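Worksheet for the structure shown next.
There are 2 protein chains.
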Amino acid sequence: MGKPTKVTNSIRALRFAHGEMTQAELAKHVGVTRQTIIAIEQGRYSPSLEMAFQIARVFKVPLDDVFQYPDAED
Amino acid sequence: MGKPTKVTNSIRALRFAHGEMTQAELAKHVGVTRQTIIAIEQGRYSPSLEMAFQIARVFKVPLDDVFQYPDAED
DNA sequence: CACTGAAGTATAGAAAACTTGACATGACGT
DNA sequence: ACGTCATGTCAAGTTTTCTATACTTCAGTG
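As they're listed, the protein sequences go chains A and B.
All residue numbers for the first sequence refer to numbering that gives the first Met the number 0, where the first residue is 0 and numbers rise by one.
All residue numbers for the second sequence refer to numbering that gives the first Met the number 0, where the first residue is 0 and numbers rise by one.
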C-alpha cells in the first residue's frame with residue numbers, strides 16, 4: 000500500500016489557471032505519464048525533487064508555490 | 000547504479016555554516032541514514048521532495064537555497 | 001443515442017531512492 | 001604508535017516512485 004504523503008500541492012489550481020491545461024498536457028510538458036500526474040495531484044505520493052522543479056517551471060512559479068510542506072507529524 | 004542527477008545542492012556549505020554540523024548529525028535531524036546524506040551531497044541521486052523540505056527546514060532556508068535546478072538538457 | 005475527451009481506477013513490473021552493515025582512509029589528539 | 005572521529009565506499013536488500021496497459025465514468029456535442 001502506498002503511504003499517503005505529507006506534502007500537499009496546488010497543481011490542479013495551477014492547471015486551471017493556465018488555460019485549462021489538462022493532466023495529459025502537463026504530463027507531456029513535464030515528461031512523465033498521465034498516471035504520475037494523477038497520483039501526485041491526489042497526494043498518493045510525493046514526486047522526486049527533479050519532477051517538482053519541472054512542474055514549477057511549467058507554471059513559471061517558485062517551487063513553494065506548487066508544493067507545501069506542513070509543520071510536521073505523521 | 001544510480002544515475003547522476005541534474006539537481007545540485009549546497010548542503011556541504013550549509014553544514015559548515017551551521018556550526019560545522021557533521022553528516023551524521025544532519026542525517027539524524029532529517030531522519031535518514033548517513034549514507035543517504037553522503038549520496039545526496041555528492042549528487043549521486045536527488046532526494047524525495049519530502050526530504051528536500053526537511054533539509055531546508057534544518058538549515059532554516061528556502062528550498063531553492065539548498066537545491067538548484069539547471070536550465071535543462073539531458 | 002453514439003462519440004469523444006478528460007479524469008479516475010487497477011495491476012504488474014521497472015527504476016530510483018533509501019537502509020543496513022561492514023570496511024577503508026586521512027586528520028587529530030594523547 | 002594508538003584510538004577516535006568524520007568522511008567515503010561497496011554490496012545486498014527494502015520501499016517508494018514511476019511506467020505501461022487496460023478498463024470505467026462522466027460531461028459535452030452532433
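Quick reminder that beta carbons are idealized off the backbone N, C-alpha and C, glycines included.
As the structure is a prediction and not an experimental result, all values here were calculated from the model.
Within chain A, the residues L48 have their CB atoms less than 7 Å from the CB of F66(B), given in chain order. With fewer than 16 other beta carbons inside 10 angstroms of its own, R11(B) counts as exposed. Using a Cβ-Cβ cut-off of 7 Å, T7(A) is close to nothing in chain B; its nearest Cβ partner there is about 11 Å away. In the structure shown, the three-state DSSP call for Q41(B) is coil. For the pair A55(B) and E24(A), the Cα-to-Cα distance works out to about 31 Å. Counting only residues of its own chain and dropping the five nearest sequence neighbours on each side, I36(B) has a CB closer than 6 Å to the CB of Q22, L25, A26. Below 8 Å, too few C-beta pairs join the segment 28 to 43 of chain B and the segment 58 to 65 of chain A to call them touching: fewer than three.
Distance between G18(A) and E19(B), taken at the CA atoms: about 48 Å. Across the structure, P69(A) and T4(A) are spaced so that their CA atoms are roughly 11 Å apart.
At a C-beta separation below 7 Å, T4(B) has these neighbours in chain A: E49. Q67(A) counts as exposed, since fewer than 16 other C-beta atoms from the protein chains shown sit within 10 angstroms of its C-beta.
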